[in-house]
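Chains as they are written, first to last, in numbering that gives the first Met the number 0: chain F, 0 to 74; chain S, 0 to 74; chain R, 0 to 74; chain U, 0 to 74; chain L, 0 to 74; chain P, 0 to 74; chain Z, 0 to 74.
Below is one structure; the comments refer to it alone.
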Amino acid sequence: MTIERPLDALNQAKNGAVVVELKNGNTVRGTLRAFDIHLNVVLDDAEELKDGEVTRKLGRILIRGDTVTIIMPTE
Amino acid sequence: MTIERPLDALNQAKNGAVVVELKNGNTVRGTLRAFDIHLNVVLDDAEELKDGEVTRKLGRILIRGDTVTIIMPTE
Amino acid sequence: MTIERPLDALNQAKNGAVVVELKNGNTVRGTLRAFDIHLNVVLDDAEELKDGEVTRKLGRILIRGDTVTIIMPTE
Amino acid sequence: MTIERPLDALNQAKNGAVVVELKNGNTVRGTLRAFDIHLNVVLDDAEELKDGEVTRKLGRILIRGDTVTIIMPTE
Amino acid sequence: MTIERPLDALNQAKNGAVVVELKNGNTVRGTLRAFDIHLNVVLDDAEELKDGEVTRKLGRILIRGDTVTIIMPTE
Amino acid sequence: MTIERPLDALNQAKNGAVVVELKNGNTVRGTLRAFDIHLNVVLDDAEELKDGEVTRKLGRILIRGDTVTIIMPTE
Amino acid sequence: MTIERPLDALNQAKNGAVVVELKNGNTVRGTLRAFDIHLNVVLDDAEELKDGEVTRKLGRILIRGDTVTIIMPTE
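Structure representation (structure tokens):
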């Protein structure tokens, strides 16, 4: 799907699975429920990953935008 | 519950238990009393956690938003 | 006492004792005299703490808000 | 092609291949689909590179602007 | 003296001696001549201190506000 | 040539060679094509330098302003 | 000379020698030609110093304000 602005990519990914990489080197994945222009994001059924393995179940989380490096829609 | 914007997740969590992870690697949990758009948050009955164990009783705390990485409502 | 916004917690703590944790890992305590929306704070009779022991008497200090991680009212 | 403002360079690079270097030392390349004034960028068919070798296939990614150091159009 | 806002503490300290602690761990003291809301400050007769000893005479200096952690009026 | 404001120095350097030092310790040089008030800059024929030796040919690059420490016009 | 605001100190120092200390620990000196409210500064005949010795001749440089910690007029 074509997009015009970066946040369009998140709009298309809403309610789907995303992987979020954080400035502290952590990776979380979950279902994208909400986001804003700062890239604050809310994920449901979030899990922390290390080397592709789930290391922690987090449930719903709000991630502060300035801690995000990359968001990858995965479906 | 569905949410439209990231801070809606905090509105729903108000007066409930949350876990807050900080940029310095610390984790605190407590009862969410107040927050603002910077993610400054006030917790009551806050406790510092290490490896899931309570290491310090903090009482009421104000956490500066820019030190927050993740907020997890836990109920 | 109930509060609506994060800074209400500081308003209630005014002229009382607070502990302030800083991004550089230092902890100071003192009597909260003034604060603003950036969390710049002025403490009177401030003391630096390490492992709960007073390591330095500082008198009146102005702490720049962006160096603050947590403010704990202690009375 | 001549450009007037820095973002003109990204406009010319749109839908072409770019390499993006990040503050954490990582390098990704992909097809530039969207960007904004913060240098938030969306890449399609993104790949992570180490020493010029592809180490991970990432698909579509949104990179937060403040994590970018350099963007190189490569065609 | 009572103060209403954090910068009132600097107003009262003007033309008096202050100690300024910096994010890089350095400490300087001098006579406070000017400041602004960013906590940019100008000191006259500034000296760098280490463990309470003067290590360097700096004369007049402008310190960029975002490098300040604490300002202590000392008289 | 006299200048009034810092960016005047970049205006005079436009289409000439500049060396740019980055916060991560890297140095690049190239022909300055565009810049803005954030010090986002576009260089053509950019090269990465280490100890004065060219270590990598980069072609056209956009450098994010907040990663810049120093810009030196060299002609 | 008396000053009212921090930048007045730079106005008085214009076209004179200054030493600028940077967040990365480097020190440069040169003739102050221009500055702005961000503390972006342009120096002419700039030199990099280590332990008081000149280690590099830089000529004209633009220093990005957020990399500055201290500016010292030296005449």
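Glycine included, C-beta positions come from ideal geometry on N, C-alpha and C.
Between the CA atoms of residue j and residue i - distance to the nearest angstrom
i        : j        : result
Phe34(P) : Asp7(L)  : 39 Å
Lys49(F) : Val53(S) : 25 Å
Arg55(R) : Asn23(U) : 37 Å
Thr68(F) : Arg4(Z)  : 38 Å
Val27(U) : Glu20(P) : 22 Å
Ile60(L) : Ile70(Z) : 6 Å
Gly51(P) : Gly29(P) : 14 Å
Gly64(S) : Glu74(R) : 23 Å
Asp44(U) : Gly58(U) : 4 Å
Val17(Z) : Leu31(Z) : 6 Å
Leu38(P) : Ile36(Z) : 14 Å
Asn25(P) : Glu47(P) : 7 Å
Thr66(Z) : Thr66(L) : 10 Å
Val41(L) : Ile2(P)  : 25 Å
Lys13(F) : Ile62(F) : 15 Å
Pro72(R) : Leu9(R)  : 8 Å
Gln11(R) : Gly15(L) : 31 Å
Closer than 7 Å to chain P by CB, residue i
i        : result
Ala12(Z) : no
Interface partners of residue i on chain S, CB under 9 Å
i        : result
Ile70(R) : Ile60, Leu61, Ile62 and Arg63
For residue i, the three-state DSSP class (helix, strand or coil)
i        : result
Gly64(F) : helix
Within chain Z, partners of residue i - CB distance below 7 Å
i        : result
Val41(L) : Ile2, Pro5 and Ala8
Leu38(P) : Arg63
Residue i at chain Z interface by Cβ criterion, 7 Å
i        : result
Arg32(L) : yes
Thr54(L) : no
7 Å Cβ cut-off: residues of chain R touching residue i
i        : result
Asp35(S) : Arg4 and Pro5
Amino acids of chain S, ordered along the chain, whose beta-carbon sits closer than 7 Å to that of residue i
i        : result
Thr26(F) : Per Cβ cutoff of 7 Å: no residues; Thr26(F) is ~12 Å from chain S at best.
Under 8 Å by beta carbon: chain S residues contacting residue i
i        : result
Leu57(F) : Ile69 and Met71
Contacts of residue i in chain U (Cβ-Cβ under 9 Å)
i        : result
Leu21(P) : Thr68 and Ile69
CB contact check: residue i to chain A, cutoff 7 Å
i        : result
Asp35(F) : The structure shown contains no chain A; the protein chains it does contain are F, S, R, U, L, P and Z.
beta-carbon residue i near the ligand GDP non-hydrogen atom, thresh 6 Å
i        : result
Thr66(R) : Annotation note on the ligand GDP: not contained in the displayed structure, which lists no ligands.
field: In chain order, each beta strand (DSSP E) run of at least 3 residues that lies wholly inside the stretch 8 to 48 of chain R
entry: Entirely contained in the stretch 8 to 48 of chain R, the beta strand (DSSP E) runs reaching 3 residues are, in chain order, 16 to 21 and 26 to 34.
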